[in-house]
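S.K.: Residue numbers (this note's numbering), protein chains in the order written: chain F, 1 to 360; chain G, 1001 to 1475. Idealized CB from N, CA, C, for every residue including glycine. As the structure is a computational prediction, the values presented were derived from the model and not from experiment.
#1: To the nearest angstrom, how far is the alpha carbon of residue 197(F) from that of residue 146(F)?
#2: Since residue 320(F) contacts residue 124(F) with CB under 8 Å, what's their CB separation in whole angstroms?
#3: Do residue 1199(G) and residue 1155(G) have their C-beta atoms closer together than 9 Å?
#4: Can you give the Cα-Cα distance for residue 239(F) and residue 233(F), rounded to whole angstroms?
#5: Report yes or no: do three or more beta-carbon pairs, one from the stretch 248–265 of chain F and one from the stretch 73–89 of chain F, lie closer than 8 Å?
#6: Under the three-state reduction of DSSP, which class applies to residue 39(F): helix, strand or coil?
#7: Excluding sequence positions up to five away, which residues of its chain have a Cβ less than 8 Å from the Cβ of residue 247(F)?
#8: Run through DSSP, which three-state label would residue 1051(G) get?
#9: Decide yes or no for the touch test of the stretch 1370–1390 of chain G against the stretch 58–73 of chain F: beta carbon pairs closer than 8 Å, at least 3 of them.
#10: Can you confirm whether residue 262(F), when its beta carbon is compared against all beta carbons of chain G, has any partner nearer than 9 Å?
#11: Return the first residue and the last residue of the beta strand (DSSP E) that residue 157(F) is part of.
#12: Can you list, in chain order, the residues of its chain whose CB lies under 8 Å from that of residue 305(F), leaving out five sequence neighbours each side?
#13: Hey, quick one: how far does the beta strand (DSSP E) through residue 31(F) stretch, first residue to last?
#14: Quick test of your reading: residue 1118(G) and residue 1214(G), contact by CB under 8 Å. State the CB separation rounded to the nearest angstrom.
#15: What residues from chain G crowd round residue 194(F), counting only those whose CB sits closer than 8 Å?
#16: Which runs of the alpha helix (DSSP H) spanning at least 4 residues fall entirely within the stretch 1334–1419 of chain G, listed in chain order?
#17: The stretch 124–143 of chain F: which residues have C-beta closer than 8 Å to a C-beta of chain G, in chain order?
#18: Could you name the residues of the stretch 1459–1474 of chain G whose beta carbon sits closer than 9 Å to any beta carbon of chain F, in the order they occur along the chain?
#19: Which of the three DSSP states, helix, strand or coil, is assigned to residue 1017(G)?
#20: Take residue 1396(G) and list the residues in its own chain whose beta-carbon comes closer than 6 Å to its own, dropping the five residues that flank it on each side.
#21: Between the stretch 1433–1462 of chain G and chain F, which residues of the former have CB atoms less than 7 Å from a CB of the latter, in chain order?
#22: Check whether the stretch 1177–1185 of chain G and the stretch 1271–1288 of chain G touch, using three or more Cβ-Cβ pairs below 8 Å as the test.
#23: Should the stretch 198–208 of chain F be regarded as contacting the stretch 12–20 of chain F, the criterion being three or more beta carbon pairs within less than 8 Å?
#24: Relative to the alpha-carbon of residue 1168(G), which residue among 1382(G), 1122(G) and 1178(G) has its alpha-carbon at the smallest distance?
#25: Would you call the stretch 99–116 of chain F and the stretch 307–327 of chain F in contact, with 3 or more CB pairs under 8 Å?
#26: Check the Cβ-Cβ distances between residue 1083(G) and every residue of chain F, and say whether any is below 9 Å.
#27: Any Cβ of chain G within less than 9 Å of the Cβ of residue 256(F)?
#28: Mind checking which residues open and close the beta strand (DSSP E) that includes residue 232(F)?
#29: With a threshold of 8 Å, are at least 3 pairs of Cβ atoms found where one atom belongs to the stretch 1407–1425 of chain G and the other to the stretch 1435–1444 of chain G?
#30: Check the Cβ-Cβ distances between residue 359(F) and every residue of chain G, and say whether any is below 9 Å.
#31: Could you name the residues of chain F that residue 1233(G) contacts, counting a contact when the two beta carbons are closer than 8 Å?
#32: What number of angstroms, rounded off, separates the C-alpha of residue 137(F) from the C-alpha of residue 149(F)?
#33: For residue 1246(G) versus residue 1270(G), is the C-beta spacing smaller than 9 Å?
#34: In the DSSP assignment, what residue or residues form a beta bridge with residue 303(F)?
#35: Where does residue 328(F) fall in DSSP's three states?
#36: Drop a sphere of 10 angstroms on the beta-carbon of residue 1091(G), count the other beta-carbons inside from all chains shown, and report buried for 16 or more, exposed for fewer.
Written as structure tokens, this is what we have:
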């Protein structure tokens, strides 16, 4: 570092104590064991989120929300704006990969029991980030205002209407009226570009802060290992460079997907046209959609759809609160039940997703 | 044999004359009253067949007492009016058995047909309106009011009376008879030719419907067949020495296919070119006017072309010279130019201005068509490669319209006007072709770009990998 650089550094350090932060970072380590590969998926999710933010801002430069302008502006972006096609395709592909990465990250944390004390709130914030990612996906899907998005949103929001008493009113609030219209588009747009990013950033900040404070979770088996047998690598630069390497590979995968499989725009939404055959939600909602489809009209005097919704809500809350009811792992015992539940959930989601694609 | 036939006729007449001799009604009305009915009736076809007054009017023909003969108790109805007239006629004319007894093969469904027809209300017409009363003759009897030479005048009694017709259909023209007299049919019938078409030949006799009723024999899509009944019958038309293949040709023409196959009622039938009541072949000078009723722009353009004056001087049938008459096919670009299939070379020879104009026009159309097809193929390729060329496709929608306009402007035979019309087509195609080629270039640019970025990223990944290894080795 040159003399000028040092002066600059000292100027900042005098005011913001960055030397102590660097000191902290240089001592930060990452546990190194056979399951360490799963540590990368949090970083991958973060990288894809950053891509979403950057490409989302670029799309906002040309996207104009409205029944008469959404589709047209997206068409303009992909056909007229320089590299617009690339930005739009990367935004769509990255959104899907991000949700996939978040799911992988969640299950890896679950199966390695990394949620246990003292990281309960890291898990809770992580679960909330998953829910908000899904909401991001659902709201963003409608924004091009194409046929597929229109009907998928129509079918998706209809589920809300099955909630007794408040369902109809809630549906009207979500849609901004009786049906999916320009009003729905406007509020989904607001949700996608203002409300969700705001909330998401705060929760993401907390999530990352917790990780920085507590460091990465060590495997439960390590508690019985003598300290000298525990292996660590420095976070900076070793782990960060590995992270960077993976991010570069993912960036390349994104570019290949965007060029070879550009995200189609399809036909403009026509509310008066009949729904095209085989309308399905995005893959990450398919397991829920398929479950609701397979449920009978009535389950124990409750509407089938509402019953399904109830089950998913209760299961989601239980899943979010797993660090609080898994007391066995907390006490240092192996809790096989947690593994079985996790396996069941994973197999159930995979089976229902596959069925969703295979059945009509 | 001849003697036998004469004897039979004499015996037949004598028998019925004797039978009428017993008819109290006839005898009394003839001798004592001396009315017009009994004066006319002996000439009536029914009188000859032995149909008595009482058969229509009711009553007892055997009684000499007037009170008895004309009493209601004996079924006397007096002079039937309105629907009663039809009831009287139907007593026999709706019963096949009765008609056979009289040796008649007349269709017993006439009334049913008549009732459903436009005339089928008694306040408009009954049987006697056309066939007369007490003096009814066979249709083929020249003294019958419905005999071909008389029928036209019979129908015109009502149909030429504007005041009378207003009561039933104020919109219906009343000049049919006047027009008919100007037609070939009318002129011939006035000379006594009973083979030509009269009102009932086209409109039918009892089941007449308005021309816009699909049941009518003169409904647009039925009319060609109605005309063809005579005009396609070579034997029937032999004396007139005119072709009999018009219907056959028309059915294959663009007009015939539109009307008869597609049911497009706006397509012309025979009457749209030849007229209906005043049917006559259009004269050489009026062809473009007749065609111009529908093809107004073409006719206007032709009228200001150098062809118009020359054709008129040389008595050349305008549109027909290139397009034909009954067998008018969809015009193709081959009709234009200097190839063997071209109609231009019928008159124009190499070295003439017209020859050169035809050649250039054809070349320019062919070039635009060819470049349009090429542009389409380029857009298809771009789309196949996943590129968005919807704007260029939209732009291309104007080209067929320009081609239609250019093909119309041909009728002016004015090369400058033609060039002015077709030029925007070339401009559009140039733009579209460029957009398509740019899209294909963009496709390859994207792949090259991807290749380059992948290369850079891969180099970075490898460099990073070695850097990590280096750092980890140091530790």
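M.R.: Looking at the atomic coordinates:
#1: 23 Å
#2: 6 Å
#3: In this structure, residue 1155(G) lies closer than 9 Å to residue 1199(G) by Cβ.
#4: 7 Å
#5: Contact between the stretch 248–265 of chain F and the stretch 73–89 of chain F is present: three or more C-beta pairs spanning the two stretches fall below 8 Å.
#6: DSSP, reduced to helix, strand and coil, places residue 39(F) within a helical segment of the structure shown.
#7: 43, 44 and 47
#8: coil
#9: no
#10: yes
#11: Per DSSP, residue 157(F) is not a residue of any beta strand (DSSP E); the alpha helix (DSSP H) it occupies stretches across 147–158.
#12: 159, 162, 292 and 295
#13: Residue 31(F) -> beta strand (DSSP E) spans 29–31.
#14: About 14 Å separates the two Cβ atoms, so there is no contact after all.
#15: Within 8 Å Cβ-Cβ: nothing; residue 194(F) doesn't reach chain G, min ~29 Å.
#16: 1353–1384, 1390–1396 and 1398–1409
#17: none
#18: Residues of the stretch 1459–1474 of chain G with a C-beta atom less than 9 Å from some C-beta of chain F are 1460, 1461, 1464, 1465, 1467, 1468, 1471 and 1472, listed in chain order.
#19: Its pLDDT being 45, under 50, residue 1017(G) is placed unreliably by the model, and the measurement read from it follows with that caveat. Helix at residue 1017(G).
#20: 1432
#21: 1446, 1447, 1450, 1453, 1454, 1457, 1460 and 1461
#22: Verdict: yes, contact present.
#23: No, the stretch 198–208 of chain F is not in contact with the stretch 12–20 of chain F.
#24: 1122(G)
#25: Note that the stretch 99–116 of chain F touches the stretch 307–327 of chain F; at least 3 beta-carbon pairs, one per stretch, sit closer than 8 Å.
#26: Contact with chain F is absent for residue 1083(G), since none of that chain's Cβ atoms lies less than 9 Å from the residue's Cβ.
#27: yes
#28: 232–234
#29: no
#30: no
#31: Residues of chain F passing the Cβ test: none, with the nearest at roughly 54 Å.
#32: 11 Å
#33: yes
#34: 298(F)
#35: helix
#36: Per the 10 Å Cβ criterion, exposed.
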